Structure formats: C-alpha cells, structure tokens
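Here this note's numbering runs 22 ahead of the position in the sequence shown, where the first position is 1. We treat Cβ as the ideally placed atom computed from N, Cα and C, and that holds for glycine. Keep in mind that this is a model prediction, so the values were computed, not measured. Since the structure comes first, as structure tokens, the remarks are kept for the end.
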Amino acid sequence: MKLFMQAAAWSIALHIIYFLSMFGIGYMKTMNYTPDIEGSWKSVDTLQN
Numbered sequence: 023m024k025l026f027m028q029a030a031a032w033s034i035a036l037h038i039i040y041f042l043s044m045f046g047i048g049y050m051k052t053m054n055y056t057p058d059i060e061g062s063w064k065s066v067d068t069l070q071n
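Right under this line is the structure:
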C-alpha cells in the first residue's frame, strides 16, 4: 500500500507540474503575441465562385 501511495503522489505532482508549465507557456505566448496585419494581406487569395 505504501508503494501505491508513493506512486499516486508522484503522479499527481508530475501532472500538476506539467499542467502549470503548459499554462505558463501558453500565457507567455499569448502576452507576447503581436499580429502582423500588414503581412497577412500579402497572402490573400480570391475565392472561387
């Protein structure tokens, strides 16, 4: 039973670290994102009828 509790504790700890790191990376990418509006107009194609 001790081994099961240790495995569960390590699993929970690693999951928390993983989800917090993914949240942090996503938050930093969102805060540093700057859209390139002028560059996006260069690749506009006309739609077919």
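First and last residue of the uninterrupted alpha helix (DSSP H) at residue i
i	result
Tyr40	24 to 53
Ser62	59 to 62
Span separating the alpha-carbon of residue i from that of residue j
i	j	result
Met27	Ala35	12 Å
Gly46	Tyr40	10 Å
Lys24	Met44	30 Å
Met50	Ile38	18 Å
Pro57	Thr68	22 Å
Ser33	Tyr55	33 Å
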